[in-house]
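Chains as they are written, first to last, in UniProt numbering: chain W, 1 to 392; chain C, 1 to 392; chain X, 1 to 392; chain P, 1 to 392.
There are 4 protein chains.
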Amino acid sequence: MASDRLRVAMVGHGFMGAAHSQGWRTAPRFFDLGVETEMTVVVGRDAERTEASRRQYGWQTASTDWRAAVTDPDIDVVDICSPGSSHVEVAIAALEAGKHVLCEKPLANSVAEAEAMTAAAAAARASGVRSMVGFSYRRVPAIAFAKQLVEAGRLGTVRQVRALYLQDWLADPEGPMTWRLDKSLAGSGSLGDIGAHAIDLVEHVTGASLATVSGTLETFVTERPLMAEGVGLSGTASSERGQVTVDDAAFFTARLAGGAADGAIGTFEATRYATGRKNGLTLEISGSDGAIQFDLESMNELRFYDATAPAGEQGFQRIIVTEPEHPYMAAWWPTGHLIGYEHTFSHEVKDFVQAIVAGEDPSPSFEEGLHVQRVLDAVERSAADGSAWTVI
Amino acid sequence: MASDRLRVAMVGHGFMGAAHSQGWRTAPRFFDLGVETEMTVVVGRDAERTEASRRQYGWQTASTDWRAAVTDPDIDVVDICSPGSSHVEVAIAALEAGKHVLCEKPLANSVAEAEAMTAAAAAARASGVRSMVGFSYRRVPAIAFAKQLVEAGRLGTVRQVRALYLQDWLADPEGPMTWRLDKSLAGSGSLGDIGAHAIDLVEHVTGASLATVSGTLETFVTERPLMAEGVGLSGTASSERGQVTVDDAAFFTARLAGGAADGAIGTFEATRYATGRKNGLTLEISGSDGAIQFDLESMNELRFYDATAPAGEQGFQRIIVTEPEHPYMAAWWPTGHLIGYEHTFSHEVKDFVQAIVAGEDPSPSFEEGLHVQRVLDAVERSAADGSAWTVI
Amino acid sequence: MASDRLRVAMVGHGFMGAAHSQGWRTAPRFFDLGVETEMTVVVGRDAERTEASRRQYGWQTASTDWRAAVTDPDIDVVDICSPGSSHVEVAIAALEAGKHVLCEKPLANSVAEAEAMTAAAAAARASGVRSMVGFSYRRVPAIAFAKQLVEAGRLGTVRQVRALYLQDWLADPEGPMTWRLDKSLAGSGSLGDIGAHAIDLVEHVTGASLATVSGTLETFVTERPLMAEGVGLSGTASSERGQVTVDDAAFFTARLAGGAADGAIGTFEATRYATGRKNGLTLEISGSDGAIQFDLESMNELRFYDATAPAGEQGFQRIIVTEPEHPYMAAWWPTGHLIGYEHTFSHEVKDFVQAIVAGEDPSPSFEEGLHVQRVLDAVERSAADGSAWTVI
Amino acid sequence: MASDRLRVAMVGHGFMGAAHSQGWRTAPRFFDLGVETEMTVVVGRDAERTEASRRQYGWQTASTDWRAAVTDPDIDVVDICSPGSSHVEVAIAALEAGKHVLCEKPLANSVAEAEAMTAAAAAARASGVRSMVGFSYRRVPAIAFAKQLVEAGRLGTVRQVRALYLQDWLADPEGPMTWRLDKSLAGSGSLGDIGAHAIDLVEHVTGASLATVSGTLETFVTERPLMAEGVGLSGTASSERGQVTVDDAAFFTARLAGGAADGAIGTFEATRYATGRKNGLTLEISGSDGAIQFDLESMNELRFYDATAPAGEQGFQRIIVTEPEHPYMAAWWPTGHLIGYEHTFSHEVKDFVQAIVAGEDPSPSFEEGLHVQRVLDAVERSAADGSAWTVI
């Protein structure tokens, strides 16, 4: 960076913009980042709404010219929270302008886009420019702690992994049509939206890569009522119906290679029809010496089973991951005091900024984001090919 | 015993009679008792109903003459399942006739009765006659395992104990009057009925005795609708109301002495107003090195917390108590296959008969039953004395 | 039946023989079967061990001649608990002799055998002979209650089903070779042993049939230490290793047809590598109006989610299935008192005998057992064909 | 307020100062407060440490002169986070200077102090000055939702309440002496520190007041190792021991009056010896029509039991309190995304500021804080009087 502070431009100001803003605002209050950070500019398409977001989220200025913002010599960091279709253009422009880039997941809407972005990141890396993908759930302390347990060999050889991302907002077949169900707008359905998280978590925690997949995509409800005015979750339903063109649910089995899970089999599911589950990203890992269970709806907890304990004393142990010994937690509140969803973004900002300061490459890299994209692509290809096993 | 087999007379054939019958019928099928047992005679007041029970529960004969049955030279064991008010007379007659006696809890309806029974048991013991009180929850494998953990020092010095027995069948204030709410018939309310179990469990698991208590008894609903025909849980409600003369709920704090819990404080509750809890006998024990949690509604599980585990790896461990290493469980099914309420009676029969065969005194003894009676009495005296601390 | 009582011959006296004996012994004590039942003869191959089982389980006589026993004119019912390879011969002989047959699952070791048995059962049915397959988990009260909820439409249209049978006795790669891992002896691995239960439960509870499957079979550890003396779970390990020739784990996705789950997708898993899970048969069903969750390790509980409840008041409800309103439970203990694994066999005996008395066909029929066999076969074929979707 | 913005002075910058700062910083980003707020000055005793806190928490200026700060004409709001012994002086000075006051709990270290503060608050109220006590757990959405359920009559007549505050940082008897265990410095032990929260929650949720109490205080470990340098949780233990002069644990039973819990009995416990429980504020309320359960260690969840549901369908329902229909939650993240401990302070700031803007008195008032003080005092008097029932 050119100065004693990092000036940040955030592109996009929807749900992810709110979450990232909270991260930029809060991280310096709880972590020693090694540098001052400045919430310099928020960028959006609509001047009025962008200005409203500026005020609400606490950015210094607002802009509707993303290219000017991300190439501004006064900007050091570009944080991309805009829709997936815009990632490729913004990220490459920012990287070429020498800005460090934090890009929301999924990295892009296609493998080709992700490849272009990864090439740009690799080129920029040579001159010390850092890039990272926003798989924020890696920064849930219970997940980071699970990774430590795996790395310390506490699970032994991992044989099976199960990663489900369970939501239910489509369970009602009369729920309205939205842009998220239109492939031309959303790119993909539950697979890319939430399945991507499940893939990244498994690879991150086990240190293995998905090598081949056999998958199925399903659209249970193919037509949904159109809202009288535009698409959206509120409004008056009209009698007309729109065509759902993305997957409602994705199911796939994968063979893993490398790390503690070499040769393991993983089962994956991403669905919006899991009635009663709101944000149920669940992860179960079974190894020769132990096992772990995680559920994002109880994100401060990790269940750990130590299969090397004496016979009769084994059981899943509910660890409340709020001890100072746990990743990230020394910075927050006393033991037993929970953190929430948004804290993962403070952790993300912390890790990203500290890597920039240290001159190291943060993780997940664009290469890792590209790999997830390739897995998604392989699942789609397998599903189109009658669930045939497909190499990633 | 006079022969190669133990012939059993069971007095009473209500709920407890059904449970004990299942114990006598099943124990020899799963445990090596060291002797044949014979379900010789069931005794009741009404000839027709007793004969029906004989057929249903599988006893060889039925009788309405309890005294003849319990003094019959062909009988070796008397199992008393009749109402508490009858315990003193039947038990003493049986003991004086040289029969081994298993007596349902509570031992008696008063301290004086329990003292007389205990004296009779002590006298009979001299000539090898065995006696035991039916606190069957000691024989829940998870409870027996909890006791092993305490005895092995895994909890360190126990500081606090919480034992609640939570039921809800009186939560509805328009629930009908029954004989159980009439002190002249039932002797006592929730304190004696279910509180006695909580007291025995705490003393059994910790090895300590309650020494002094401060207690409160409460009757929330003092009048309840009388049934048009007699008292009972079914039938048509009449417009008349009956007077509730027993406690609805009992609350007491105790100081413990001896064992691993010397100097500890115990908090106790017995209630029939714990809406949503059906048979919630819960036990929590906190020590310097560990803690346990138990709930009878999940009776195959014990939660154990090891406070000596490494920092960051501590958590309540859900142990499914179905391993062959666990008390009683090697006799039953493979690991992970649950047992139920009635199994505690098979365990009770097993322990009782094996003690008879071995010529040893089984536990809980009548002395222990008398002690529980004294605790109940002290709680009542404390409650009558404005919760003043009362020596047991 | 020829008389006022049903005389039973039980073939086989291992784990299932013990469980069925407990069912025959206990069912008449808690249910009105409408007829006397008599535990007439237990049949085994080894005279000494069969006699020991006779004494332990309480059968009147023991025999080593299965054919004589199952064709004995004094026998009314044949209960087949012997290994799967023997089912076809014993069942057909018994049916042809006009005996009612209860046959343990899986119905047979192959589709061809199951077809022959089903044909025999169909022929016998014409003359009033009843036959049933022992999928005992249908008789877990929580499962029977779940089926009632589905049938009452409380889940609406079922979209997704997940049925996992999770055990962990192979998680240790140094666990010894046993006959269960040898295809020539066991026929199949986790797929047939435990996966069959998952298939039957899904079809039973939803009323739908699996129509097509895409599956994967995996053997994680292909060689295991041979015991110095024979194969078995105890004994001294030798330095030699045996070849594992069955599946360690099976994974499959199915499309369902019919019932409340027409068009639904089911995901299935059967594994012996789920570290920490001992007998984890879990069932989750998601519908447009509600959902249920079940875990055999907490078999007295059903989680129910009512998606039609007011916004803000929805949540998975932990129903303790011990109320008199719940299937089978009025016969047992007061509310909140749990039952265990073996009770499912009392329920099975009850339903089977009551059907015989009523002159009705019990369920699951041999046809249903054959169907499960065909599903297992289709999974194997799919797995051999690169997980291609395969019609059942 | 004199202007279009509220300028805040915060006195104290320890644990509570960090939490309140996060509240002041975050509340305006998620809620429409109706006015701008300004984090104007943080006040501490040590200039260097106060300046460090200023930078870390984001206040504009730092000061060591609390009186100057709280009487500064430019200040509108005083937020008191300093130790309890200082509350009386600071609060009265601020109120007399016409500042709105938010005062951390407990309101004061004695009833006399609390009375003086309450008189000052009452006097100031006449001229529109607002005051509030910081019982932040009222602002846990699950607690606020529980209160709504009680107020809507969903629990019917409340009969029993159980409120436990369970921590374990003293479970190890060799844990060091700290100022919190010295009565001259801390004023009180677990009773005032955490028991106060339990009292306030019960009164808040039920709408009833504690009327009389019977209590016991206990110090299990009376001497603890002194740190070589000063008192504190870190450092080297010396061989000398200090005297513990506060209660380790407090137990009390109370009769409630008013609201939905008129005539109910409440049982309370506050302890630092509940091994394995870190921040276990648990609340259970049982009524004629329903019940609720809450545990702060799972603060996003409320268990609700509807006793008016059909027989067989009743069960504790795990409601994840993250729906837009739930109190405070529409402002945060999508359904199923958790919030944490610190969010209660944003809610506190929101409610406090909105009340100031609306010209209404916020709750809990100083009168309510005084009442909690009186309950604590009555428990201490009862404990000193052999647990005699004591009027509050």
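For every residue, glycine included, the Cβ atom is placed at its ideal position computed from N, Cα and C. The structure presented is a predicted model; accordingly, all values stated were derived computationally and were not measured.
Backbone CA spacing between VAL375/P and VAL213/P [nearest angstrom]
8 Å
According to the neighbour-count rule (16 or more other Cβ atoms, all chains shown, within 10 Å of its Cβ), is ASP247/X buried or exposed?
buried
I'd like the list of long-range same chain contacts for GLY153/C, defined as Cβ closer than 8 Å, with 5 residues on each side in sequence excluded.
ALA260 and ASP289
Whole angstroms are fine: how far does the CA of ARG277/W sit from the CA of ILE392/P?
46 Å
Short of 6 Å in beta carbon distance, which residues of its chain neighbour PRO141/P, apart from the five on each side in sequence? Order them along the chain.
VAL321, HIS326, PRO327, TYR328 and MET329
So, does the CB of TRP389/P fall closer than 7 Å to a CB anywhere in chain C?
yes
Below 8 Å on the Cβ atoms is my contact criterion, and I expect GLU113/C with VAL88/C to pass it. Report the Cβ-Cβ distance as a whole number of Å.
4 Å
Who are the Cβ neighbours of ASP377/X in its own chain at under 7 Å, not counting the five residues just before and after it?
VAL111
Exposure label - ARG135/X; buried when at least 16 CB within 10 Å:
The residue asked about is misnamed: residue 135/X is Phe in this sequence, not Arg. It counts as buried.
Considering only C-alpha positions, which residue in the set GLY359/P, ALA291/P and LEU370/P is nearest to VAL129/P?
GLY359/P
Shortest alpha-carbon distance to GLN317/C belongs to which of GLN56/W, MET299/W, GLU297/W and GLN293/W?
GLN293/W
Strictly by DSSP, which residues pair up with CYS103/P?
ILE80/P and VAL133/P
Cβ of MET299/P within 7 Å of any chain W Cβ:
yes
Is DSSP giving ALA114/P helix, strand or coil here?
helix
Would you kindly work out how many angstroms separate the C-alpha atoms of GLU240/X and ASP168/W, rounded to a whole number?
52 Å
Nearest candidate by alpha-carbon position, reference ARG67/P, set VAL90/P, GLN60/P and GLY369/P:
VAL90/P
Are there three or more Cβ pairs, one per stretch, closer than 8 Å when the segment 18-27 of chain W is compared with the segment 344-354 of chain W?
yes
List the DSSP bridge partners of ARG381/X.
Answer is none; ARG381/X lacks a bridge partner.
Taking only the alpha-carbon atoms, compute the straight-line gap between ILE285/W and GLN160/C and give it to the nearest angstrom.
36 Å
With a threshold of 6 Å on Cβ separation, who are the neighbours of ALA254/X within its own chain once the five nearest residues in sequence on each side are excluded?
LEU210, VAL213 and GLY266
Which runs of the beta strand (DSSP E) fall wholly inside the segment 285-320 of chain X and span at least 3 residues, in chain order?
290-295, 301-306 and 316-320
Cα-Cα separation between VAL70/X and GLY58/C, rounded to whole angstroms:
27 Å
Counting only beta-carbon atoms, is ARG381/X nearer than 7 Å to chain W?
no
Give a yes or no on whether the minimum CB-CB distance between PHE316/X and chain P is below 7 Å.
yes
When we look at the beta-carbon of GLU380/X and count the other beta-carbons within 10 Å, is it buried (16 or more) or exposed?
buried
Using the Cα positions of GLY12/P and THR50/P, report the straight-line distance between them to the nearest angstrom.
9 Å
Cβ of TYR165/X less than 7 Å from any chain C Cβ?
no
Just grab the DSSP bridge partners of GLU38/P for me.
ARG7/P
In the DSSP assignment, find the alpha helix (DSSP H) that holds residue 394/C and state where it starts and stops.
The structure shown has nothing for residue 394/C, since chain C only spans 1 to 392.
Please identify the residue among ASP306/X, ASP172/X and GLY98/X whose C-alpha is closest to the C-alpha of VAL78/X.
GLY98/X
What residues of chain W sit near ILE320/C, judged by a beta carbon separation below 8 Å?
GLY315
Taking Cβ positions only, does HIS326/P come closer than 7 Å to chain X?
yes
Starting from LEU164/W, follow its DSSP beta bridges and name the residues at the other end.
GLU269/W and THR282/W
Just the chain P side, please: which residues come within less than 8 Å of ARG241/C by C-beta, in chain order?
Those within 8 Å of ARG241/C in chain P number zero; the least Cβ separation is about 17 Å.
Cβ atoms of MET132/W and PRO324/W: under 7 Å apart, would you say?
no
So that I know if they touch, is there some Cβ in chain X lying closer than 7 Å to that of ALA311/P?
yes
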